[in-house]
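Colleague:
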Amino acid sequence: MGERNDERQDAPPHSAPRIDSRDGSRARSDPAIGWRRDRPFQIVFAALLVATSALFWFFEYLPLQDLPQHLALNSVVVHFGDAARQTSRYYEWDFSAWTYLGFRLFNWLFGLLATPMIAMRLYLTLYALLLPLAMLRLLAATGRNHWLSLFAFPLVLNTNLHWGFLSFCLGAALVCLALAQHERQLSATRRSLSVGQALFGLLLVVTHAQAFLAWSVCLGLFFVVDRRYRLSMALCDLSPASLLFVGWSAMKVGASGGVFHISQSSWLSVGQNWELFEHAIFLASNYEHGFFWERLWILCATLTILPLLAGNIRHWREPNLPWIASLRYELLTLVFVGLYFAMPYWIGVQFCVNPRMLLFAALTIVAAIKSPLDGRVGRYLARPALALVAVAYLVLNASIFFGFQQRVGDFERALATIPPGRRLLPMAFTRSPLFTRRIDFSHFGGYYVAAKGGLVPMLWEANGVRVKPRYRFWPDDWMGYRFSYDRFGRYFHYFLFRDAGRFGREHPLRSVSPGRVELLFRSPHWEVWRNRHPVEPPVPGSKR
26 MGERNDERQD
36 APPHSAPRID
46 SRDGSRARSD
56 PAIGWRRDRP
66 FQIVFAALLV
76 ATSALFWFFE
86 YLPLQDLPQH
96 LALNSVVVHF
106 GDAARQTSRY
116 YEWDFSAWTY
126 LGFRLFNWLF
136 GLLATPMIAM
146 RLYLTLYALL
156 LPLAMLRLLA
166 ATGRNHWLSL
176 FAFPLVLNTN
186 LHWGFLSFCL
196 GAALVCLALA
206 QHERQLSATR
216 RSLSVGQALF
226 GLLLVVTHAQ
236 AFLAWSVCLG
246 LFFVVDRRYR
256 LSMALCDLSP
266 ASLLFVGWSA
276 MKVGASGGVF
286 HISQSSWLSV
296 GQNWELFEHA
306 IFLASNYEHG
316 FFWERLWILC
326 ATLTILPLLA
336 GNIRHWREPN
346 LPWIASLRYE
356 LLTLVFVGLY
366 FAMPYWIGVQ
376 FCVNPRMLLF
386 AALTIVAAIK
396 SPLDGRVGRY
406 LARPALALVA
416 VAYLVLNASI
426 FFGFQQRVGD
436 FERALATIPP
446 GRRLLPMAFT
456 RSPLFTRRID
466 FSHFGGYYVA
476 AKGGLVPMLW
486 EANGVRVKPR
496 YRFWPDDWMG
506 YRFSYDRFGR
516 YFHYFLFRDA
526 GRFGREHPLR
536 SVSPGRVELL
546 FRSPHWEVWR
556 NRHPVEPPVP
566 GSKR
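If you read the sequence shown in this note's numbering, its first letter stands for residue 26, the second for the next number, and so on.
1. Can you tell which of Phe520, Tyr510, Trp273, Arg401 has the C-alpha that lies nearest to the C-alpha of phenylalanine 436?
2. Hey, could you find the ends of the alpha helix (DSSP H) leucine 87 is sitting in?
3. So what's valine 231 in DSSP terms, helix, strand or just coil?
4. Proline 549 to arginine 61, Cα distance in whole Å?
5. Along the chain, where does the beta strand (DSSP E) that runs through glutamate 552 open and close?
6. Figure out for me which residue from Arg448, Arg447, Ile443 has the closest Cα to the Cα of leucine 544.
7. Could you tell me which whole alpha helix (DSSP H) segments of length 4 or greater appear in the region 149-186?
8. Keeping to the same chain, check which residues put their C-beta closer than 7 Å to that of leucine 147; ignore five residues upstream and five downstream.
9. On a Cα-Cα basis, can you pick out the residue from Leu80, Tyr125, Ala412 that is closest to threonine 150?
10. Since glycine 127 contacts valine 249 with CB under 8 Å, what's their CB separation in whole angstroms?
11. Would you report the Cα separation of leucine 413 and alanine 423, rounded to the nearest angstrom?
12. With three or more beta-carbon pairs closer than 8 Å as the criterion, would you say the region 220-227 touches the region 172-180?
13. Identify, in the order they occur along the chain, each residue of the same chain with its Cβ nearer than 6 Å to the Cβ of valine 402, setting aside the five sequence neighbours on each side.
14. Grouping DSSP H, G and I as helix and E and B as strand, with all else coil, what is phenylalanine 520?
15. In whole angstroms, give me the CA-to-CA distance for isoleucine 425 and serine 78.
16. Can you tell which of Phe546, Trp551, Asn556, Arg547 has its C-alpha closest to the C-alpha of glycine 540?
17. With DSSP as the reference, please indicate the residues paired to valine 420 in a beta bridge.
18. Following the continuous beta strand (DSSP E) through arginine 547, name the residue where it begins and the one where it ends.
19. Per DSSP, what kind of secondary structure is leucine 534 in: helix, strand or coil?
20. By how many angstroms is the C-alpha of glutamine 206 removed from the C-alpha of phenylalanine 70?
21. Flag this pair as yes or no: are the beta carbons of leucine 411 and phenylalanine 517 separated by less than 8 Å?
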């Protein structure tokens, strides 16, 4: 007995268990090798992987809010320097930006081979494949049950993706993959310097700043609590990416920012008939399905990271580790979850004040006491239930995608009423607990809108790209609830409104006389109004 205990003390953490004398096989729940021998898990995981990725190909229009903006900029990347399009006349390169550099380069490469829309679908497919696989690898590296990786599939279609933070979503998956590789490096018999983490760090820098910072914090936490992680290893892992991050940040200080930026004298006229991309239309996806499904996603996300937060309490005092080091993945996952939930937008505020976050803590404590996926109950009850939840959420997301196609059909009919070469103002209205009696222009109001091959320039700033028309007809602090036809709307030929029929007294044209505007199209989701007496915009340098 004493000899067996000594051998256990010398074994590295998360090592594979010894042969079970009762059945002559390895423990069935060994995460390091279990998923390779678990045929039911392989079938369910592969089916969900294919089905989730297919959502981005089966439907023509994707309910991603910033997708038109991304497609527009990616199209500029692909056609930059094209003499016929005169893109270089309005755009210029700016390599001081790094946050979306990897995203733009990926779409540039595949956009040259196909189209910007296909390149975007490939990027989304890469993300949909990488996040579950990275979670599976991280669970195996940390010695947790591989069935919990099924909760990564509800995580794929999340709020960050809905709002269009595509580069950040891929960066989150890369963080999981980097941490898995780091754990395998520390658990190796010979812990030598490796360039793997350094390469991951460089990749995260050009993917998204927040993902890079989360990875850096996690490695710093490893160095503090884990004596296996030596200073030389930490410097080798962190130095290259940190130097690149600091250098690029210094270049960006005072710069106008962006992979591209448009000079102040730029004006993209719809009369130029630029066909930059296939589906560059204004798709104002909203929360019609309510915040209940958002809360359900929070629950699924909670269950996804539970194995990292807790796992099994008997592993908290692993041999050869101080007691605090055994909690390293619980602590670093709190950092990672903070990154994922607390985006620098109002979304983070919503999650922080959400009382359902108490459920997050309660489930964490429960999972810390006992793992529900081991044993006979886990095999015959918990695991099938887990797979059923993942499949049910996939069906729900498919229904959301399908419903979005119906609303897009109305949108195409609305655009058909607008002649090419006209200035079009798109406006969207949201009604939610956070946006009550307010016109939200934080994301909707500044899109390019393509109507029959034409682009409509708007004043907006997103992802480091700044667009400034020659004339400025609204103040910098202008918001939708301050909309004024006389001050702003008179410069446009047409108005496109989202959520038609739901405005009530908040309709932006309620105070405009019928002789100045007329209704051309109305559907359950859209309205098109024509300005009877549009005014030409001021010339550069003139007063508003």
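By construction, the Cβ of each residue, glycine as well, lies at the ideal position given by its N, Cα and C atoms.
For clarity, every value in this text was computed on a predicted model and none was experimentally measured.
Modeller: Put simply:
1. Phe520
2. First-last for leucine 87: undefined, no H or E at that position.
3. coil
4. 50 Å
5. From DSSP, the beta strand (DSSP E) with glutamate 552 extends over 551-556.
6. Ile443
7. 177-181
8. Phe135
9. The candidate whose alpha carbon is nearest that of threonine 150 is Leu80.
10. Contact flag wrong, Cβ pair sits at about 29 Å.
11. Looking at the two C-alpha atoms, the distance is approximately 15 Å.
12. no
13. Once the five neighbours on either side are set aside, valine 402 has no close Cβ partner at all.
14. strand
15. 15 Å
16. Answer by Cα proximity: Asn556.
17. According to DSSP, which records beta bridges pairwise, valine 420 is partnered with nothing at all.
18. For arginine 547, the enclosing beta strand (DSSP E) stretches over residues 542-547.
19. coil
20. 21 Å
21. Against a cut-off of 8 Å, the Cβ pair of phenylalanine 517 and leucine 411 comes out as no contact.
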